[in-house]
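Per our numbering, the very first residue in the sequence shown carries number 91; after that it's consecutive. To start, the structure under review is shown below, and the notes come after it.
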Amino acid sequence: MGDLYAIITAICWSSAVILFDISSKKFAAIEINAIKNFIGVLGFLSTIILFSIPIPELTINDLLTLALSGVLGILIADLLFLESLRRLGSGLSAVVSTIYTPSIFIIAFILFNESVKIQSYLGGILVIGGIILSVYKMPKTITTRDMYLGVAFGMLAHILTAYSVLIVRPIMANSSVVFIALYRFGIGLLTTVAICVIRSSFSSVLTIFKEGLSNRYVLLGSFLGTYLSVIFWLAGYKYTLAGRAAIYNQLSTIFIVLMARLFLNEPFTIRKSIGVSLAIIGAIVVSIAS
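Written as structure tokens, this is what we have:
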């Protein structure tokens, strides 16, 4: 089931990206980040109450690990990613994001001595190659400074994201993924709101939240991208090998290309069709390497 959860994660996240892309014309990136974290926390709390999920018995070390995961993966990594996206643009940023999968491979091996079959590595190469072929387009106006800083910020963001999910993996073995998500995003929400208040004012943050919570694109994007995708994302890492989950997660970029064609009327070129085909073949190779 872990493989299926990882694929559902990619579908949910790619849908959310399209919705966030539409709403980004009205809200700043950090504002969307704060709103989606808030909706995610509400969703996790509601699920826990509705299904009477018992509170896990966590040690002080577990709580500190979850707090570290939230700060690294939701506050710092998200801010670095958004800054990288601003400097590089979506196409080049998507290419940089391919470091996520090898980061998972390396960190999972260091932390858990975990490795995947050679077919999974081959499938991962096909998926990453398909992504690069589908989305790469060098921005015409990018400066050398923005190029180096954008790539550095993007790489660090994805490495931190990989590390932040893998350090909580042992905790997830005996705990509900919903509680894990609640703890991580609770930390992320508090820190993100604090930054918004420092940047503007408390009354301005309240106004932003009122507008965001009345925007259907932000609401649906947050439900899919923060609530559903995070639950399936964590479940994928809980129930399958980290490397396999990462490869399936990486398919979100391919799904974004397809959805952008369907909902944003973006052109679907021959190069994109070849890239999508390569990524799908790569995913099939990974799926049979069980």
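Beta carbons: idealized from backbone N, C-alpha and C, even for Gly.
Below 8 angstroms CB to CB, which residues in the same chain sit around residue i once its five sequence neighbours on both sides are set aside?
i: D236; result: R177 and L178
i: Y76; result: Residue 76 cannot be examined here, being either before or after the span of the chain that is shown, 91 to 380.
i: I143; result: T137, S266, V268 and F269
Just the Cα atoms here: how many angstroms apart are residue i and residue j?
i: E301; j: I200; result: 44 angstroms
i: V225; j: A184; result: 7 angstroms
i: F299; j: S210; result: 43 angstroms
i: F195; j: I166; result: 21 angstroms
i: L153; j: L256; result: 15 angstroms
i: P192; j: S293; result: 43 angstroms
i: V258; j: I346; result: 28 angstroms
i: L239; j: A118; result: 21 angstroms
i: L250; j: V186; result: 14 angstroms
i: Y273; j: A157; result: 7 angstroms
i: F358; j: M91; result: 32 angstroms
i: L348; j: E147; result: 43 angstroms
i: M54; j: L182; result: No answer is possible for residue 54: the residues shown for the chain start at 91 and end at 380.
Of the residues the options, which one's Cα is nearest the Cα of residue i?
i: L162; options: D152, S254 and S319; result: S254
i: Y327; options: T234, V295, V267 and A350; result: V267
i: C102; options: W323, N355 and I364; result: W323
i: A106; options: G333, G311 and F358; result: G311
i: I139; options: T149, G333, F269 and L158; result: F269
i: I344; options: I145, V258 and G220; result: G220
i: N203; options: L352, N264, V366 and A332; result: A332
i: V136; options: A271, R334 and L296; result: This sequence places Ser at residue 136; Val is not what is there. Of A271, R334 and L296, the residue nearest in Cα terms is A271.
i: P260; options: I378, K362, I285 and Y329; result: Y329
Along the chain, where does the alpha helix (DSSP H) that runs through residue i open and close?
i: N203; result: Counting along the chain, N203 falls outside any alpha helix (DSSP H), and DSSP gives it neither H nor E.
i: N339; result: A332 to Q340
i: Y211; result: I208 to V225
i: L368; result: I360 to I378
i: Y329; result: S319 to Y329
i: T99; result: G92 to S113
Report all residues from its chain with a CB closer than 7 angstroms to the CB of residue i; omit the five preceding and five following residues, and keep chain order.
i: A247; result: A167, L170, F171 and S174
i: G278; result: N127, G160, I164 and L165
i: I122; result: F110, S113, S114 and V308
i: L212; result: V375
Within a Cβ cutoff of 6 angstroms, which residues of the same chain sit near residue i, ignoring the five residues on either side of it in sequence?
i: I189; result: M245 and H248
i: L216; result: L368, I371 and G372
i: F313; result: none
i: S342; result: A100, W103 and S104
>> Restricting to runs no shorter than 4 residues, where is the alpha helix (DSSP H) found entirely within the region 119-174?
In response: 119-140 and 150-160
> Can you give, in chain order, each stretch of the alpha helix (DSSP H) that sits fully within the region 227-308 and has at least 4 residues?
Replying inline: 234-256, 259-262, 267-289 and 292-303
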